[in-house]
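If you read the sequence shown in this note's numbering, its first letter stands for residue 18, the second for the next number, and so on.
Working notes for the structure below.
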Amino acid sequence: MNDEIILSARGLHKSFHKDRNEVPVLRGLDLEVTPGVVTALVGRSGSGKSTLMHLLASLDQPDRGEIYFGNERIDNASRPRRDFYRNREIGIIFQFYHLLPELSAVENVLAPMMIGQSAWSYFRHRKEARLRAEAMLDRVGLLHRATHRPAEMSGGEMQRAAIARALMTDPRLLLADEPTGNLDTETGLDILKLLTELNQLDGLSILMITHDDSIAAGADVCHRMQDGQLQINPAQPNFQVADNRIPA
Ligand SMILES: Nc1ncnc2c1ncn2[C@@H]1O[C@H](COP(=O)(O)OP(=O)(O)OP(=O)(O)O)[C@@H](O)[C@H]1O
Ligand SMILES: [Mg+2]
18 MNDEIILSAR
28 GLHKSFHKDR
38 NEVPVLRGLD
48 LEVTPGVVTA
58 LVGRSGSGKS
68 TLMHLLASLD
78 QPDRGEIYFG
88 NERIDNASRP
98 RRDFYRNREI
108 GIIFQFYHLL
118 PELSAVENVL
128 APMMIGQSAW
138 SYFRHRKEAR
148 LRAEAMLDRV
158 GLLHRATHRP
168 AEMSGGEMQR
178 AAIARALMTD
188 PRLLLADEPT
198 GNLDTETGLD
208 ILKLLTELNQ
218 LDGLSILMIT
228 HDDSIAAGAD
238 VCHRMQDGQL
248 QINPAQPNFQ
258 VADNRIPA
């Protein structure tokens, strides 16, 4: 594993095709994610942030370009290798949580373990897995809602469950798409605090997508997405790339 860069992308291109029209989204995008820090990716709605995250999480593939996890090229790896990367080596959290509605919080947290191994292996390790899932729920302050299904949880609680699920496999990198986007300001700040703690106490590397400049300003590094590419800026309290781009 490359110690300097945990995740990188080179020359990513991605277009969608709709009614014979081509919708170019990524146009030769380069990205380097440093381990141990919180990296924010900001950009306007429709700028391609979620498209990029899907490529980085190997949920979709680029038309052109390369994605590396450490030194290993991942975008064109075998399907089992990409499944292992997605289910075990990184954690993913989505704006709308993507919890399974029929499962309780603790069962949702267990889901990656069930997917990531054979039924027999899961059966043999199910007690440890359950204890770990409970420990993860405790870590995010949700143990008291372990038996609640998503419909019986608040938005903030669902996002905590999604974070616990992402942490279940002890990933080195967390990809978070608008983790606060669907929450009120105060609940969003609680989630940000939790993510910051995970970064500072556990050394978890986080790549966080947001359209909120004030959230991005709290990150260690910011990348702004524009015209299908990234502009890289060290985060500062007065981070204002958009303004800097307007000539006086
Ligand atoms: N499957 C698809 N088919 C056609 N066009 C798509 C598809 N998925 C995304 N797009 C288009 O690609 C562009 C980028 O979408 P994407 O979801 O990546 O934006 P985003 O930056 O995440 O926006 P938001 O902040 O609103 O979540 C949008 O213009 C969208 O309409
Ligand atoms: Mg999006």
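Ideal Cβ positions, reconstructed from N, Cα and C, are used throughout, including at glycine.
Check: Euclidean distance between Cα positions of Gln176 and Asn125; Outcome: 12 Å
Check: Gln78 burial status per 10 Å Cβ neighbour count (16 or more: buried); Outcome: exposed
Check: Residues bridged to Ile110 [DSSP beta-bridge criterion]; Outcome: Ala193
Check: Cut-off 7 Å between Cβ atoms - residues of its own chain near His71, not counting five sequence neighbours on either side; Outcome: Asp77
Check: Cα-Cα separation, Gly60 to Arg44; Outcome: 15 Å
Check: Beta-carbon proximity check, Glu83 vs Arg27, cutoff 8 Å; Outcome: yes
Check: For Pro167 and Leu116, believed in contact at Cβ under 8 Å, the rounded distance; Outcome: 4 Å
Check: Helix, strand or coil at Gln134 according to DSSP, with G and I counted as helix; Outcome: coil
Check: Ligand 2 heavy atom lying under 7 Å from the CB of Glu106; Outcome: no
Check: Proximity below 8 Å, CB of Ala183 to CB of Ala122; Outcome: no
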